[in-house]
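Counted from 1, the sequence shown has number 473 at position 474 by numbering that gives the first Met the number 0; the numbering is strictly sequential.
Every residue gets a Cβ at the ideal spot worked out from N, C-alpha and C, and that includes glycine.
Right, one structure below, let's go through it.
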Amino acid sequence: MTIEDNALGAELRRRRVAAGLSLSELAHKVHCSRSFLSRVETGQRRASVELAQLCDQVLDAKGVLTALAPPSLDSLPRPVRTGSGRRAAGPAGSHALRAGAQRHQEFDRLLRRGDLSHSTGDMREADRLYRAALHGAAGDPRAQAEAVIRMARRWSDPGQVDHELLHLLRNSLAELQGDGGAEAVGLRLRLTAHLAKKVSMAVSEDTAAGRVGPEEGAGLAADTLSRLPADGRDGRDGRGVRGLQDGRDGRGGRNLRDVRDVRDVRDVRDVRDVRDDEVRCEVLTECRWARYDFAPAAEALALSQKLHDAAVRLDSPYFHGEALMALVIDQLRTGRVYSALATASQYRKYAADTRSVLATWQRHTLDALLDLWHGRFDAAADWILGESPKYIEGLHADLAVPADALRQTRLGQAFWLLREQGRMAELFTSDLAEDVERHAYFPIWRAGLALALCETGQHAEAADLLMGFAADTVDFSRFPPSGWAVPTLVVLAEACAALDIQGGYEARLRELVPGLRERLAPHDGQEIALAGWPTVLVGSTARARGLLALAAGEPETALGHFRQAAVPARSSQPELARLRLAQARALRGAGGPGNEAQARSLLQEALRSARAYGMAGLAAQCGRLLEDSGRD
């Protein structure tokens, strides 16, 4: 029998076709069967308000479909459960069974709607739905843990610890402590991975969680990763937690509700056999981020590659997006720029498919990063100075995502655009300088401000700032070995190079340079320093090491570093121009027959590139050095 007034079905089909989605694709996104959705479109079945709302969100229909939903509704087909709670068991009465089934169904509904809101970029609505699920699942620790895990996927302000989530994660771990079931083991593993990441977000003692710092978070992540087997497949389809065993590690089971130090969470029981790709994806995603500041870039790349493989098997849009972004970030950091271009192309397709405003923001941010690296400054400016502020304003007004994360990304790209174009003076005549100072708790902004002062002729102020920075961080020894420390060190090396060229700061450079060289020593070869997650590529680590060697009076050592820097520089004409200028300075410093002629040739090449790409500051510097050589 066909429903007489099928306005909803007709409008749904029209919008689905216009969006380029098949029945199967839309059905997957709204969590129902293809056949059911087909019958809704043809008027053979009524759609619930819930289904209409989900279709509204996916098709961006702005409430039109919901308004067409009839008042008398059939319920949606019940989805396959994904381990979000335990079933009521035993010979209870039918009324109790129905009540329990309704609670589980409502829990699934809230999680499903929260997931959809999260996938479209509305984190505020997703958080509201997850909180409702958490509240409604009172008395069911497993279901509540699932809700907390979903909440923990939200963005937090960069560089700071999210204390609310730390509390929720620790409480969930405590509630599951005595549960020896296979599902509970997987839940504990996922919760611990999130806990490790949230603790590791701090960038200083001021932003840490009490006595617990990012080192503890990175250690907890390493411990959690060690519990995953080498392969996540179970010999069939790679899905389902099968054969999970809870083994004690001999240290006893302390109550995690009373834990004050995150290291005590390592008493979570061991996992002998994890084969659920959802567990695997969650652990790899969160633990990779938790170790981001403490593991070499090559190690992070290996984790992101494993995550990508697991996400493909799981066929989860959320983890697919997380895996692609992690992969492109680590490819860029390890100097694999051309591989990163291919991955970025996949991310663009993912963003178009999901139509999430957040994924769209990340896609444009990634495109702007690549435009800056390749010297397409006009294209980068269109986004950074034109469209990006509009996105931030809209997302901030809706409170959909933490605005500070977006603002810092845009600020970093605007800063670097001004630097590349030789317009750094505009930083101090706009509101950007105030934003830089407001975020000075993040070390890279202090380094950036020192560089900006150098490039606007305020060398004395820059030197004072650098000396204070070194004192606060005990000659930079408090920096982590990787992650945000690398771009910070590279920017500091650029500032030291500017002081070296200016002259008169030799005594201060003797104090600053050794600590910087020691911290950058493990980062050589083809690495490129990536600021943000991601924001800008600030240059190769080998070139930065060469600049520091020059400042230390070791031109021959500098030339060795510059030869290594030539490999990653080949993918960027702006980076190559800066490298040629640095090589020319080193050749002059080394002296010897033919070096002056070679240095002059390099400066001329750098000058041509700087003029061609509109790098006014670099062009002026090359011109001055050429004039000096002419006078000599």
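Can you tell me whether H134 is buried or exposed, with buried defined as 16 or more other CB within 10 angstroms of its CB?
exposed
Residues that DSSP places opposite I443 in a beta bridge:
According to DSSP, I443 bridges with nothing at all.
Within the same chain, show all residues whose beta-carbon is closer than 7 Å to that of A609, passing over the 5 residues directly before and after it, in chain order.
A576, L617, A618, C621
Which residue comes first and which comes last in the beta strand (DSSP E) that contains L326?
Element bounds for L326: not the beta strand (DSSP E) but the alpha helix (DSSP H), 316-332.
Output the distance between the C-alpha atoms of Y349 and L394, rounded to the nearest integer angstrom.
20 Å
For H458, does the count of other Cβ atoms within 10 angstroms reach 16, so buried, or fall short, so exposed?
buried
Going by beta-carbon coordinates alone, are L536 and W382 separated by less than 8 Å?
no
Nearest candidate by alpha-carbon position, reference P567, set A470, R33, D523
D523
Give the single residue among E517, A520, G538, A137 whose Cα lies nearest to the Cα of E419.
G538
With distances taken from CA atoms, which of R38, Q43, A68 is nearest A51?
A68
Rounded to a whole number of angstroms, what is the C-alpha to C-alpha distance between G447 and V490?
6 Å
Should the region 480-495 be called in touch with the region 291-300, which here means at least 3 C-beta pairs below 8 Å?
yes
So, using beta-carbon positions, are L36 and L22 closer together than 8 Å?
yes
Compute the beta-carbon to beta-carbon distance between A125 and G113, rounded to the nearest angstrom, for a pair I have assumed lies under 8 Å.
5 Å
Among L431, A151, G179, L186, which has the Cα closest to the Cα of K197?
A151
Taking Cβ positions, are R445 and A439 nearer each other than 8 Å?
yes
Counting only runs that start and end within the region 405-472, where is the alpha helix (DSSP H) found for 4 or more residues in a row?
424-427, 431-437, 442-454, 458-471
Measuring CB atoms only, is the region 183-191 touching the region 206-213, in the sense that at least three cross pairs come out at less than 8 Å?
no
Could you tell me which residues DSSP puts in a beta bridge with I500?
I500 pairs with nothing; no bridge assigned.
Out of curiosity, what's the CA-to-CA distance linking S116 and P140?
24 Å
For A17, count neighbouring Cβ atoms within 10 angstroms of its own Cβ and tell me buried if that reaches 16, exposed if not.
exposed
Beta-carbon separation of A506 and A550 under 8 Å?
no
Output the distance between the C-alpha atoms of A548 and L519, rounded to the nearest integer angstrom.
11 Å
Mind listing, in chain order, the continuous alpha helix (DSSP H) runs of no fewer than 4 residues lying wholly within the region 528-613?
540-550, 554-568, 572-589, 594-611
With a floor of 4 residues, list each alpha helix (DSSP H) that falls wholly inside the region 152-181, ordered by position along the chain.
162-174
Looking at C-alpha atoms only, which residue of T65, A146, D178, L601 is the closest neighbour of E105?
A146
Can you check DSSP and say which residues form a bridge with A208?
V211
Between the Cα of G374 and the Cα atoms of D627, T41, A611, which residue gives the shortest distance?
A611
Alpha carbon of A339 to alpha carbon of D329, nearest angstrom:
8 Å
How many angstroms separate the CA atom of T472 from the CA atom of R516?
15 Å
With a Cβ-Cβ cutoff of 8 Å, do A557 and A530 count as a contact?
no
Limits of the unbroken alpha helix (DSSP H) element including K61:
Note, K61: premise wrong, no alpha helix (DSSP H); not H, not E.
Count the other CB atoms, across all protein chains shown, that sit within 10 Å of the CB of D205; report buried if there are 16 or more and exposed otherwise.
exposed
DSSP three-state label for W483, please.
coil
Report buried or exposed for S632, applying the criterion of at least 16 other Cβ atoms within 10 angstroms of its Cβ.
Since the first residue of the chain shown is 0 and the last is 631, residue 632 is not available in this structure.
Using the beta-carbon count (16 or more within 10 Å), is H166 buried or exposed?
exposed
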